[in-house]
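Novice:
In the numbering used here, the protein residues as written are 158 to 374.
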């Protein structure tokens with residue numbers, strides 16, 4: 158049993174109008190669960206429960222127990238549609254986990270020892286290019302997160318996907334397409350200095366135009 162148990166009910170009334178009514182009148186979220194040997198199924202989730210779970214980072218990369226009216230199955234969160242400006246979830250996609258089969262999942266990256274990095278001690282700034290990485294593993298090997306140790310990175314240094322220390326049984330999905338997909342994860346760059354104020358201080362004061370001799374004709 159996972160740490161997250163998501164309660165759901167079956168949904169037969171589908172379509173945009175039905176989904177809007179669910180969100181507006183019942184404070185429910187329309188969702189779909191798919192994958193495995195079963196057909197895709199339309200379900201509804203409690204908006205309050207989902208919002209509470211979304212506050213925990215591990216929810217995004219954990220195997221979730223989905224309880225559909227007493228019948229349980231294991232799923233991963235695969236897609237999440239949020240309202241553009243309201244704190245509301247509009248739709249969720251959940252993918253079934255099949256034990257004994259490899260799966261794709263997104264693992265968050267935890268950057269550690271940034272303050273000890275030589276580049277930071279020299280005044281550099283850490284820049285994160287990505288905050289999560291797609292991995293392939295068996296369900297039992299799914300990590301909660303992957304650490305990125307910045308402790309030895311010099312000024313101008315770059316950490317790539319190939320530099321990550323992966324847990325047992327975990328592969329990076331990008332490398333399935335070739336080693337040239339070794340993307341940058343983070344680097345340390347010199348601080349950006351705004352030159353506008355300095356230039357203003359150093360710029361010579363404009364001289365007042367000299368009066369013409371002799372005055373007006």
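Each residue gets a CB set at the ideal place from its N, CA and C atoms; glycine is no exception.
Does the distance from the CB of residue 293 to the CB of residue 330 come in under 8 angstroms?
Specialist: yes
Novice: What is the DSSP secondary structure of residue 259, reduced to helix, strand or coil?
Specialist: When DSSP states are grouped into helix, strand and coil, residue 259 belongs to the coil group.
Novice: Here's the rule: buried if 16 or more other CB atoms are within 10 angstroms of the residue's CB, otherwise exposed. What is residue 347?
Specialist: exposed
Novice: Leaving aside the five residues before and after residue 354 along the sequence, list all residues of the same chain whose C-beta is less than 6 angstroms from its C-beta, in chain order.
Specialist: With a pLDDT of 48 at residue 354, under the threshold of 50, the predicted position of this residue should be treated as unreliable, though the coordinate-derived value follows. In its chain, beyond the 5 residues on either side, no residue has a beta carbon closer than 6 angstroms to the beta carbon of residue 354.
Novice: Could you check if residue 276 is buried or exposed, using at least 16 other CB atoms within 10 Å of its CB as the buried criterion?
Specialist: buried
Novice: Kindly indicate which residue of 233, 226, 295 has the alpha-carbon position closest to the one of residue 201.
Specialist: 226
Novice: Spatial neighbours of residue 229 within its chain, please: CB distance less than 7 angstroms, with the 5 preceding and 5 following residues excluded, ordered by chain position.
Specialist: 222, 223
Novice: Is it the case that the stretch 243 to 250 contacts the stretch 310 to 325, given that we only count it when at least three CB pairs across the two stretches are under 8 angstroms?
Specialist: no
Novice: Pull up the DSSP beta-bridge partners for residue 232, would you.
Specialist: 221, 253
Novice: Of the choices 312, 239, 289, whose alpha-carbon is the least far from that of residue 301?
Specialist: Checking every option, the nearest Cα to that of residue 301 belongs to 289.
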